[in-house]
Amino acid sequence: MPLLIFSGFVFGKWWGILIVLTSTTIGATMLYFLVGLFFRDIIQEKLAPKFSKLKKFFNKNELVYFMFYRFIGGGGTPYAIQNTLPILFNMSMKNYIIATFLGSMPSMFVTVAIGSGIETIIDQNEKLSAVNVLFSPDIYIPIVCFFILLIIGFVFQKLYFKE
């Protein structure tokens, strides 16, 4: 979170999101690859029996499910664990990269936009307060759009993932 706010503050909204999304996708992919290379057997042995029903569900459409999982922030799961969970499901590297990039985009964009909005308020020599920050269009518009996307995501989940 601090990296995202800092990126928006320093690089602005658009360059910040591009830099953060690219770097976190590369880092997550490297972690996924290395953990899969060195610890796949241990993870399969210890955790696969506990997640057998989820594995059947996940393997039906791994790209959509993992993208949605990233979109909702992993349900509070730490990011490093989010990066290694797909090893249980033998997710393809291509689908992992696409789902990580696209699924992480909305929540990261909102946080980067907050950093950019704080920088805009400081540039305008306004008093930095919670009210000024929240009512700045650079901040509340991305937050409102994110909540709209979140509602659409939950409606999508209710309609298509009834299982």
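FYI, the working numbering numbers position 69 of the sequence shown as 87, with every residue one higher than the one before it.
Even for Gly, the Cβ is constructed at its ideal location relative to N, Cα and C.
Do you know how far the Cα of residue j is from the Cα of residue i?
i	j	result
Phe69	Gly45	25 Å
Gly30	Val53	33 Å
Asp156	Gly121	22 Å
Leu72	Pro104	11 Å
Pro160	Phe51	33 Å
Ala131	Trp32	9 Å
Leu39	Phe57	26 Å
Asn108	Lys78	12 Å
Ile170	Leu177	10 Å
Gly34	Leu21	10 Å
Under 7 Å Cβ to Cβ from residue i, same chain only, skipping five residues before and after it: list those, please.
i	result
Asn150	Ile139, Glu144
Val128	Pro160, Ile161, Phe164
Helix, strand or coil for residue i, going by three-state DSSP, please let me know.
i	result
Lys145	coil
Pro160	helix
Asn108	coil
Met19	coil
Thr95	coil
Phe172	helix
Gly34	helix
Ser41	helix
Ser125	helix
Ile90	coil
Phe153	coil
Can you list, in chain order, the residues of its chain whose CB lies under 8 Å from that of residue i, leaving out five sequence neighbours each side?
i	result
Leu49	Ala98, Asn101, Thr102
Leu152	Tyr158
Ala222	No answer is possible for residue 222: it lies beyond the span of the chain, which begins at 19 and ends at 181.
Determine the burial state of residue i: buried for a count of at least 16 other Cβ atoms within 10 Å of its Cβ, exposed for fewer.
i	result
Phe174	exposed
Phe172	exposed
Ala117	buried
Met126	buried
Ser110	exposed
Thr95	exposed
Met19	exposed
Give every residue of the same chain whose Cβ lies closer than 6 Å to the Cβ of residue i, excluding the five residues on either side of it in the sequence, and list them in chain order.
i	result
Phe76	Tyr83, Phe107
Within 7 Å: the Cβ of residue i and any heavy atom of the ligand GDP?
i	result
Leu36	Within the structure as shown, the ligand GDP is missing, as the structure has no ligands at all.
Ordered list of alpha helix (DSSP H) runs contained in the segment 44-82, each at least 4 residues
The qualifying runs are 70-78.
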